[in-house]
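Asker:
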Amino acid sequence: MTTTLPSPEEIHDRTRTVLATRIGDAFTDVPSDAELQTALGERYDSLTAMECISAIESEFGIEVDFVADDVRFWFSSVERMVRFTHERLEDTAALGLGS
Amino acid sequence: MPDIAFATSGSTGPPVTWLRTEAQLHAEAALVHDVVLGSARFGRIVSYAPPGHLYGRLYGRELPRLEDVPVTGLWDEPLTVPPLDDGVPTLLVCLPSTWQLLARHTTALARHGRVTALHSTGPATPAAHQVAERLADTGFRAYELLGSTETGAVAHRPVAGEHTGGLPWRLLPDVEVLPGRIADGAGEVQRLRVTSPRLARRTGAEAPPDDWELPDLVAPVTPRTFHHVGRASRLVKVNGVRCDLAHVEDTARACCPGLDLVCAPVSDPVRGEHYEVFYAGPEPVDPADLRRRLGRLPSGLPAPRAVHRVPRIPRSATGKVLTAELTATARPAQEAEHV
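Chains as they are written, first to last, in my numbering: chain S, 1 to 99; chain D, 1001 to 1339.
Given below as structure tokens:
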């Protein structure tokens, strides 16, 4: 069975959509390479980050391990989230775990 | 030893400081340890509750001192997983948000088998009930406390599984219930009015009050058990931070003149409870401008989860805001303007 992985561009767009839903219109002008905590202040606190992680897991069907994965690093900017998600999807496909 | 101060900040009206004696703190920590936690011996306490608040102070500082147990403070690190790989009997001092974290690690919690979770500062979240359900047949235990800064813990119960239904609350042994204000026509639901040796003393007062009426509405089951059926005031607890919506509205209206603005309580899967702002006005108001104005709310007051611009605020003939209609009309046709 062949699984088509979403491109980094598609992951980027879907990630931004997911974050915009959680964070609101304040997110619209935040560049993808910006540190979200710096750009959004209290609007991207740890609990909002947790909500965003859950939403990305649901969007892409991946799992984030709060022990093994450095969530503070990988979920600090959109670009890093895209890299993390893409690599996790590639790993999943390589192991034949994808749907 | 001077009395220890706990402020209710400005989020429920004017800032009030409540004072507790060291003996009261020790008595409460010891009582909950004995009655609720079954005098369990812990090798580690991990606290997600800040020690500046009563709950965090009691179980992240007083109980560890009383029992000579090392404590790990994670109140600034809500995403950090507690140690679960060494089998040390562990007490987790949880906030509503902690359960999202625990729900990700039920396998490790089940394998550990000697973890007890204590929950307070707000209603148990859906994730809390999921965890309790998944771990029902393991060594994991979870209990919740009901109380306030003014009263300390009043009652306790196990955290119920998703399909267990609401268990009644049981009064702590040193708490007595007094007749509270009746909240419904049948007289069964009333404000929870209590007396105990652990009531706090308001700053400036010589002694604690004889009794204290909480905003919680309860329906008695037996003389020492009750069901919690809601709150009489418009208090919500955003991950444990008290927030009186009437006070928020007064403050927000003062900084947003000309707007018809109300706050509606909403459930929040991470924080337990939250609130959203709905507004209408003759002049179109830029949401970004409104957010900036709301950003000047008193410090410590949680910002609203979202702001919705609506054509009008629906009210009954007597002027009461129709909250259900308000929240229904705002979703999903209108996109939330988050702040």
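Virtual Cβ for every residue (Gly too), placed ideally from N, Cα, C.
Could you have a look at V1154/D and say whether DSSP puts it in helix, strand or coil?
Answerer: Here V1154/D sits in strand by DSSP.
Asker: Starting from S58/S, follow the alpha helix (DSSP H) in both directions and report where the run begins and ends.
Answerer: Here the alpha helix (DSSP H) through S58/S covers S46 to F60.
Asker: Identify whether H1163/D lies in helix, strand or coil by the three-state DSSP scheme.
Answerer: Coil at H1163/D, not helix or strand.
Asker: Measuring CB atoms only, is the segment 1069-1085 of chain D touching the segment 1030-1037 of chain D, in the sense that at least three cross pairs come out at less than 8 Å?
Answerer: With the cut-off at 8 Å, the segment 1069-1085 of chain D and the segment 1030-1037 of chain D do not touch.
Asker: Look at V64/S and I53/S and say whether their C-beta atoms are less than 7 Å apart.
Answerer: In contact: V64/S and I53/S (Cβ atoms closer than 7 Å).
Asker: Can we say the segment 1131-1142 of chain D touches the segment 1268-1281 of chain D, given the rule of at least three CB pairs closer than 8 Å?
Answerer: In short, these stretches do not touch, since the Cβ pair count stays below three.
Asker: Taking just the CA atoms, how far does T1008/D sit from W1018/D?
Answerer: So the alpha carbons of these two residues sit roughly 8 Å apart.
Asker: What residues of chain D sit near L19/S, judged by a beta carbon separation below 8 Å?
Answerer: By Cβ distance, chain D contributes nothing, its closest Cβ being about 11 Å from L19/S, past 8 Å.
Asker: For chain S, check one thing: does any of its Cβ atoms lie closer than 7 Å to the Cβ of R1309/D?
Answerer: No, R1309/D lies away from the interface with chain S (no Cβ there is under 7 Å from its Cβ).
Asker: Could you work out which residue in L1074/D, V1238/D, G1230/D and L1290/D is closest to A1254/D when comparing CA atoms only?
Answerer: Of L1074/D, V1238/D, G1230/D and L1290/D, the residue nearest in Cα terms is L1290/D.
Asker: What number of angstroms, rounded off, separates the C-alpha of P1173/D from the C-alpha of L1199/D?
Answerer: Computed Cα separation, rounded: 14 Å.
Asker: Mind checking which residues open and close the beta strand (DSSP E) that includes L1214/D?
Answerer: Start and end: W1212 to T1222.
Asker: Could you confirm whether any beta carbon from chain D is found closer than 7 Å to the beta carbon of M50/S?
Answerer: For M50/S, the answer is yes, since a Cβ of chain D falls inside 7 Å of its Cβ.
Asker: What is the rounded straight-line gap between the Cα of M1001/D and the Cα of L1031/D?
Answerer: Each residue's alpha carbon lies about 21 Å from the other.
Asker: When the distance is taken between beta carbons, is A1103/D closer than 7 Å to A1127/D?
Answerer: Result yes, Cβ atoms of A1127/D and A1103/D sit closer than 7 Å.
Asker: Against S46/S, what residues of chain D qualify as contacts under a CB-to-CB distance less than 9 Å, listed in chain order?
Answerer: D1076, E1077, P1078, L1079 and S1097, listed in chain order.
Asker: Are the CB atoms of S32/S and E79/S within a distance shorter than 7 Å?
Answerer: A contact, by the Cβ cut-off of 7 Å.
Asker: Taking Cβ-Cβ distances shorter than 7 Å, what residues in chain D pair up with F73/S?
Answerer: In chain order: nothing, as chain D lies at least about 12 Å away.
Asker: Taking the alpha-carbon positions, what's the H1026/D to A1153/D distance?
Answerer: Roughly 13 Å between the two C-alpha positions.
Asker: At a Cβ threshold of 7 Å, is V67/S touching chain D?
Answerer: With 7 Å as the cut-off, V67/S counts as an interface residue toward chain D.
Asker: For R1271/D, which residues in chain S fall below 7 Å Cβ to Cβ?
Answerer: Going along chain S in sequence order, the residues near R1271/D (Cβ under 7 Å) are L47.
Asker: List the residues that DSSP assigns as beta-bridge partners of E1276/D.
Answerer: E1276/D is bridged to A1264/D and A1306/D.
Asker: Using a Cβ cut-off of 7 Å (strictly closer), state whether Q1100/D contacts chain S.
Answerer: So yes, Q1100/D belongs to the interface.
Asker: Which residues in the same chain have their Cβ closer than 7 Å to the Cβ of E1337/D, if we skip the five residues on either side of it in sequence?
Answerer: Residue placement at E1337/D is poorly supported in this model, since its pLDDT is 41, which falls under 50; the coordinates still yield a value, given next. Same-chain partners within the cutoff: P1287, A1306, V1307, H1308 and R1309.
Asker: At a CB distance below 8 Å, what residues from the segment 23-47 of chain S approach chain D? Give them in sequence order.
Answerer: Flagged, chain order: I23, G24, D25, A26, E42, R43, S46 and L47.
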